[in-house]
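Engineer: I'd like to ask some things about the structure below.
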Amino acid sequence: MKKYLLSLLSAGVLVTSCSQPQEVNPLLVEWDTPYGIPPFEQVKPEHYIPAYKAAMAAELAEIDAIVNNTEEPTFENTIEAYTNSGELLGNVSAVFSSANGVKSNPELQAIAKELSPLQSAHSSAIRLNDKLFQRIKAVYEKRNEMNLNPQQMRVVEEVFKGFERGGANLPADKKEELKKVNAEISALQLQFSQNALQETAAYTLVIEKEEDLKGLTEGQIAEAAARARKAGQEGKWFFGLDNPSIMPFLANAENRELRKQMLEAYLNRCNNNNENDNKDVIKKLVELRLKRAQIMGAGNAAAYILEDRMAKTPEAVYNLLDQIWKPALKAAKAEANDMKKIIAKEGSNIELEAWDWRYYAQKAMQEKFNLSESEMAPYFQIDNVREGVFHVANKLFGLTFKKLENVPLPHEEAEAFEVYDNDGTVTGIVFFDMFARPGQKRAGAWCGGFRGQSYKNGERVLPLVTICGNFTRPVGDQPALLTTDEVETYFHEFGHGLASLLKDVKYQGMGGYPRDFVELPSQLNEHWAFKPEVLKVYAKHYQTGEVIPQELVDKMVRAGKYGQGFATVEYLAASYLDMDYHVLNEIPADLDINKFEAKVLGDRGILKQIPSRYRSTYFSHTFSGGYTAGYYSYIWAEVLDADAFDAFAETGDIFNQDVANKYRTEILERAGEEDAMNLYINFRGKEPGIDPLLKNRGLK
273 MKKYLLSLLS AGVLVTSCSQ PQEVNPLLVE WDTPYGIPPF EQVKPEHYIP
323 AYKAAMAAEL AEIDAIVNNT EEPTFENTIE AYTNSGELLG NVSAVFSSAN
373 GVKSNPELQA IAKELSPLQS AHSSAIRLND KLFQRIKAVY EKRNEMNLNP
423 QQMRVVEEVF KGFERGGANL PADKKEELKK VNAEISALQL QFSQNALQET
473 AAYTLVIEKE EDLKGLTEGQ IAEAAARARK AGQEGKWFFG LDNPSIMPFL
523 ANAENRELRK QMLEAYLNRC NNNNENDNKD VIKKLVELRL KRAQIMGAGN
573 AAAYILEDRM AKTPEAVYNL LDQIWKPALK AAKAEANDMK KIIAKEGSNI
623 ELEAWDWRYY AQKAMQEKFN LSESEMAPYF QIDNVREGVF HVANKLFGLT
673 FKKLENVPLP HEEAEAFEVY DNDGTVTGIV FFDMFARPGQ KRAGAWCGGF
723 RGQSYKNGER VLPLVTICGN FTRPVGDQPA LLTTDEVETY FHEFGHGLAS
773 LLKDVKYQGM GGYPRDFVEL PSQLNEHWAF KPEVLKVYAK HYQTGEVIPQ
823 ELVDKMVRAG KYGQGFATVE YLAASYLDMD YHVLNEIPAD LDINKFEAKV
873 LGDRGILKQI PSRYRSTYFS HTFSGGYTAG YYSYIWAEVL DADAFDAFAE
923 TGDIFNQDVA NKYRTEILER AGEEDAMNLY INFRGKEPGI DPLLKNRGLK
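Under the numbering used here, the residues of the sequence shown are numbered 273 to 972, in order.
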C-alpha cells in the first residue's frame, strides 16, 4: 500500500494537511483487517469517484515510470512492471463492482454511469499508449534471446497479443476512432444492464384470492406473503420476475391464466417501449461491435472475438451447436408428447403452450418416475448443500473450511470462510451471498473476487473469492430449501471458486482461461452434486435430520436425464441468437430486434413452447459484455467437463486421488500458463470428443 501512496503523491492527487485534516477515504489506505479484506462497512458512495480518480492517477504514474525508464526494455522493467501495475485500481473496482451487484440502488447506478466514460478513457490511455507498446514490442521481438523460462515467455506473448488486439498497432486516426467506439460500447452495456435490473424489479403479480394459489407449496405461499407484507400489503401474495419467485410459480400454479401472465411479463422485459426498453440499445451495440471488429481488420464481431478463444472461428462454434441441436430437438419433442398425453387424460382440451411447459413437466416427472421437486426440496436445506459442496472439495483436494466471525462482509447476509489446504495452510478466503434481493442484486449466480492470487516478494498472496446466488430465502421457521437447479448452481459456482482458490501462478498477465474454457471447473464440479455417495452425506431432511432415503435417490438417478430436451434446446437457442447477431457483416438500417430473433429461432425449427433461455432484450450475458459471441462457451466447456468426469468414472472411484491431483496440478493451478487445450491434454492425455456430452445429457 505504501507504493500506492507514493504514486498518489507523485501524481499530485493525494494532499495531506496538518491544519486542515480531511476524512480518510477507506478505499485509499492500507486495510488493517484480517487477510486484508476490504473494509466494506466503512465505504460510502461518496468515496468511490475520488478513489477511482486517485487509483487511475496512480496507475498512470506507474505506467509513466515504465515508459520513462531509460534502461533497455527487459522482462522485469517492462513486462513484469506492467502486469503488476494498477493494483489499487483493481481493489477499488472490485469493491464497487460488488456493491453495485449485490446492493444496487439509484445512487450507485448513477456512480456507475459517471464512471463508465472515465474507465473507458483510462483503459484506452494505457492500451493505446504507443511508447508503452514500443517497449513491450521490443521485449517481444527479443524474447528468444532473453533466456526466459516458459512462464515468462508465456507472459510476454500474452501481454503483446493483448495490446495488439486492443489496437496498439493501429494508425493514430484509427486509435482515436477505436477510443470513441469503446467508450460508446461501455456506456451502452451499462445502460442495458441497468434497464434489465429495473425492469425485472418493476413487475409484481399481486394475488388477492387464496384459490389462485392452488398448486403452490406452503413454502412458496409463505415467501409470497412475506414479500407482500414487506411492501405493506398484509393479506396479499406478491410474485416477482426473479427466478426464485417465477420459476416455482410456473411449475406449480394451477391457474393457467396467471402462469401465462407471469411468463409473458418475464419474456417481455425491456421490450415494452418504455424508458427501460433495450431494443435500440441492442441495435446500437451490434453496430458498434461490428465497427470495432472492422477497425481491427476482422469481417465481423464474432470472428474478432473468437480469434483468441478455443473455438477460434464462428464455423467451429456453429459446427458444435448443430451437432447437438437435432438430438436435443428430438428429445424435446418426446417430452412435449408426454405432456400432451397428460393434457388429453385430464380432458382440459387445451393446446400445450410455453406457460404450460414447466407445469406439465412436473406432472410428467411425477407420472414417469413418481418424483417431484416438492418431494426432494426438504432434503436440500441450503446450509446442508454448502456442506455437500465442502465435502466434495475435501474428498478431491483435502480442503477444509472454517467460518470466519467478526470480519467485514460485502453484504450483511454474506458469510465468510477460511479455506485450508491439505497441508493445513490457508489457501484463500471465500464469501457466500446466496439469497435473492429483487431490485438490488443483479440476476443469476456468479463467482467473483476482491483479490486474485498472485506472488509478492516470493510469497503467495491469498485470493479473496465471492460466490453470489439468487436463491429462495428462509420464511418464518422454515430454512431456505433449494430446488435441484439451485443445488446444481451452488456446485457450479463453487467450481469457479475452486479455480480461484487453487490457482498458483507466479506471474500476473498470463491471460487466464479463455472464455470457452473457463466453465470447465464449474461444470465439472456439478457432476458430484447428485451422486448417491455424495447425497448420502449432505441431503438430510431439514426437520428430522433423516438422510435421503435410498428409494428417493434411486428415483433421482432414473429421472436424472429427463427434461434435458427442453434444457438443451432453450440453451442452444440463446447460443444461436448470440452468434447470429455477431456474425453479421453489415447491420441492416431497419434491423428489427423482435423479427430478427423470431427468424433466427424459427428457421431452425424451435418448438413454439420453448422460448430462448434469454430473449434479446434481457440477454445480459451477451449485451452487458462478458459472453459476447461467447454464450456457446457453456456447451463447449461441457464437451470438456463430460470427458473430464469420465477420467474419474473410468477408475471406478469418483474421488480417485491420482486423477484429482492431476486435475489440480495441470488445470486448476496453471490457469493461463499454457494454451487451454494443452492444459487439458496434459490432464487427460487426449483431446475430448462429443460423445460423453451427448450421453451425459441423455441425447445419445
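A virtual CB, placed ideally from N, CA and C, is assigned to each residue, including glycine.
#1: What did DSSP end up calling G957 once you bin it into helix, strand or coil?
#2: Is it right to say T738 is buried, meaning 16 or more other beta carbons lie within 10 angstroms of its own, or is it exposed?
#3: Determine whether the beta carbon atoms of A397 and L361 lie at a separation below 7 angstroms.
#4: In its own chain, which residues sit with a C-beta less than 6 angstroms from the C-beta of A496, not counting the 5 before and 5 after it?
#5: Using only the alpha-carbon positions, how far apart do L773 and N694 sit?
#6: Return the CA-CA distance between V777 and E945, expressed in angstroms with no decimal places.
#7: Over what stretch of residues does the beta strand (DSSP E) that includes S726 continue unbroken?
#8: Among the candidates L681, Q815, Q822, whose CA atom is the shortest distance from the CA of S370?
#9: For a minimum of 3 consecutive residues, which ranges assigned as the beta strand (DSSP E) are wholly contained in the segment 653-705?
#10: The beta strand (DSSP E) that contains V733, what's its start and end?
#11: What residues match up with T305 in a beta bridge as DSSP calls it?
#12: By a C-beta neighbour count over all protein chains shown, 10 Å radius and 16 as the cutoff for buried, is N454 buried or exposed?
#13: Between the beta-carbon of F368 and the beta-carbon of Q424, is there less than 7 angstroms?
#14: In terms of residues, what are the limits of the alpha helix (DSSP H) holding R426?
#15: What does a CB cutoff of less than 7 angstroms around I493 pick up in its chain, not counting 5 residues either side in sequence?
#16: Spell out the partners DSSP gives V478 in its beta bridges.
#17: Below 7 angstroms between beta carbons: does that hold for L562 and A525?
#18: So what's N548 in DSSP terms, helix, strand or just coil?
#19: Am I right that D514 and N742 are in contact with their C-beta atoms under 8 angstroms? What's the rounded C-beta distance?
#20: With A588 and Y576 assumed to form a contact (beta carbons below 8 angstroms), what rounded beta-carbon distance in angstroms separates them?
#21: So what does E720 bridge to, in DSSP terms?
#22: Buried or exposed for Y727, please, with buried defined as at least 16 other CB atoms from any protein chain shown within 10 angstroms of its CB.
#23: T816: buried (16+ other C-beta within 10 angstroms of its C-beta) or exposed?
#24: Please specify which runs of the alpha helix (DSSP H), each continuous and at least 4 residues long, are wholly inside the segment 601-650, giving them in chain order.
#25: Between the Cα of G902 and the Cα atoms of S357, G730, L796, E579, which residue gives the shortest distance?
#26: What residue ranges within the segment 903-964 form continuous alpha helix (DSSP H) runs of no fewer than 4 residues, ordered along the chain?
#27: Is F704 near E690, with beta carbons less than 7 angstroms apart?
#28: How big is the Cα-Cα spacing for A845 and V679?
#29: To the nearest angstrom, report how far apart D445 and G439 are at their CA atoms.
#30: On a CA-only basis, which of N467, Y651, N642 is nearest K827? Give me that one, please.
#31: Evaluate contact between the segment 912-926 and the segment 863-879, counting only Cβ atoms and requiring at least three cross-stretch pairs below 8 angstroms.
#32: Look at V661 and F766 and say whether their C-beta atoms are less than 7 angstroms apart.
#33: Closest to N866 by C-alpha separation, out of V855, K403, P883, would be which residue?
#34: By DSSP, does F789 sit in helix, in strand, or in coil?
#35: What residue range is occupied by the uninterrupted alpha helix (DSSP H) comprising R999?
#36: According to DSSP, is F405 helix, strand or coil?
Structural biologist: In short:
#1: As a position in the sequence shown, residue 957 is number 685, starting the count at 1. In this structure, G957 counts as coil in the three-state DSSP scheme.
#2: Stepping through the sequence shown from its first residue, residue 738 is reached at position 466. With 16 or more Cβ atoms within 10 Å of its Cβ, T738 is classed as buried.
#3: As a first step, residue 397 is located in the sequence shown; it is residue number 125 there, counting from the start. As a first step, residue 361 is located in the sequence shown; it is residue number 89 there, counting from the start. Against a cut-off of 7 angstroms, the Cβ pair of L361 and A397 comes out as no contact.
#4: Working through the sequence shown from its first residue, we reach residue 496 at position 224. Taking C-beta separations shorter than 6 angstroms and ignoring five residues to either side along the sequence, the partners of A496 in its chain run W509, F510, F511, following chain order.
#5: Here residue 773 refers to the residue found at position 501 of the sequence shown. Here residue 694 refers to the residue found at position 422 of the sequence shown. Answer to the nearest angstrom: the Cα atoms are 13 angstroms apart.
#6: Position 505 of the sequence shown, counted from the first residue, corresponds to residue 777. Position 673 of the sequence shown, counted from the first residue, corresponds to residue 945. Each residue's Cα considered, the two are about 8 angstroms apart.
#7: As a working mapping, residue 726 is identified with position 454 in the sequence shown. Its beta strand (DSSP E) spans residues 726-728.
#8: Taking the sequence shown and counting its residues from 1, the one referred to as residue 370 is at position 98. The option with the nearest alpha carbon to S370 is L681.
#9: With a minimum length of 3 residues, the continuous beta strand (DSSP E) runs that stay inside the segment 653-705 are 672-676, 687-692.
#10: Against the sequence shown, residue 733 aligns to sequence position 461. Per DSSP, V733 is one residue of the beta strand (DSSP E) stretching across 731-733.
#11: Along the sequence shown, one-based indexing puts residue 305 at 33. For T305, which the question treats as bridged, DSSP gives no partner whatsoever.
#12: In the sequence shown, residue 454 corresponds to position 182, counting from 1. With 16 or more other CB atoms across the displayed protein chains lying within 10 angstroms of its CB, N454 is buried.
#13: Position 96 of the sequence shown, counted from the first residue, corresponds to residue 368. Position 152 of the sequence shown, counted from the first residue, corresponds to residue 424. 7 angstroms or more divides the Cβ of F368 from the Cβ of Q424.
#14: Position 154 of the sequence shown, counted from the first residue, corresponds to residue 426. Run containing R426: 422-437, per the alpha helix (DSSP H) assignment.
#15: Here residue 493 refers to the residue found at position 221 of the sequence shown. Excluding sequence neighbours, I493 sits near L485, W509.
#16: Here residue 478 refers to the residue found at position 206 of the sequence shown. Note: V478 sits in a beta bridge opposite F510.
#17: Within the sequence shown, numbered from 1, the residue matching residue 562 stands at position 290. Within the sequence shown, numbered from 1, the residue matching residue 525 stands at position 253. Taking 7 angstroms as the cut-off, the Cβ atoms of L562 and A525 do not count as close.
#18: Start at 1 with the first residue of the sequence shown, and residue 548 comes out as number 276. N548 falls in the coil class under three-state DSSP.
#19: Taking the sequence shown and counting its residues from 1, one reaches residue 514 at position 242. Taking the sequence shown and counting its residues from 1, one reaches residue 742 at position 470. Contact holds; Cβ gap of about 6 angstroms.
#20: Counting from 1 along the sequence shown, the entry for residue 588 is found at position 316. Counting from 1 along the sequence shown, the entry for residue 576 is found at position 304. Cβ atoms of A588 and Y576 stay farther apart than 8 angstroms, at about 15 angstroms.
#21: By one-based count along the sequence shown, residue 720 stands at place 448. Correcting the residue type first, residue 720 is Gly in the shown sequence and not Glu. T738.
#22: The residue labelled residue 727 in the question sits at position 455 within the sequence shown. Counting Cβ neighbours within 10 Å, Y727 comes out exposed, since fewer than 16 surround it.
#23: Position 544 of the sequence shown holds residue 816. Counting Cβ neighbours within 10 Å, T816 comes out exposed, since fewer than 16 surround it.
#24: Listed in chain order, the complete alpha helix (DSSP H) runs (minimum 4 residues) inside the segment 601-650 are 626-641, 645-648.
#25: Working through the sequence shown from its first residue, we reach residue 902 at position 630. Restricting attention to S357, G730, L796, E579, the CA atom closest to the CA of G902 is found in E579.
#26: Counting only runs of 4+ residues, the alpha helix (DSSP H) found wholly inside the segment 903-964 occupies 905-921, 929-935, 948-956, in chain order.
#27: Here residue 704 is taken as the residue at index 432 of the sequence shown, counted from 1. Here residue 690 is taken as the residue at index 418 of the sequence shown, counted from 1. For F704 and E690, no; Cβs fall outside 7 angstroms.
#28: For the purposes of this step, residue 845 is taken as residue 573 along the sequence shown, with counting starting at 1. For the purposes of this step, residue 679 is taken as residue 407 along the sequence shown, with counting starting at 1. Taking the straight line joining both Cα atoms gives about 43 angstroms.
#29: As a first step, residue 445 must be located in the sequence shown, where it is residue number 173. As a first step, residue 439 must be located in the sequence shown, where it is residue number 167. Approximately 11 angstroms, taken between the alpha carbons.
#30: Start at 1 with the first residue of the sequence shown, and residue 827 comes out as number 555. Of N467, Y651, N642, the residue nearest in Cα terms is N642.
#31: Cβ pair count under 8 angstroms is below three, so no.
#32: Counting from one through the sequence shown, the residue named residue 661 turns up at place 389. Counting from one through the sequence shown, the residue named residue 766 turns up at place 494. Yes, these two residues count as a Cβ contact at 7 angstroms.
#33: Taking the first residue of the sequence shown as position 1, residue 866 is located at position 594. N866 has its Cα closest to that of P883, out of V855, K403, P883.
#34: On the sequence shown, residue 789 is found 517 positions in, with the first residue counted as 1. Coil.
#35: There is simply no residue 999 to check, as the chain begins at 273 and stops at 972 in what is shown.
#36: Taking the first residue of the sequence shown as 1, we reach residue 405 at position 133. Note: F405 maps to helix in three-state DSSP.
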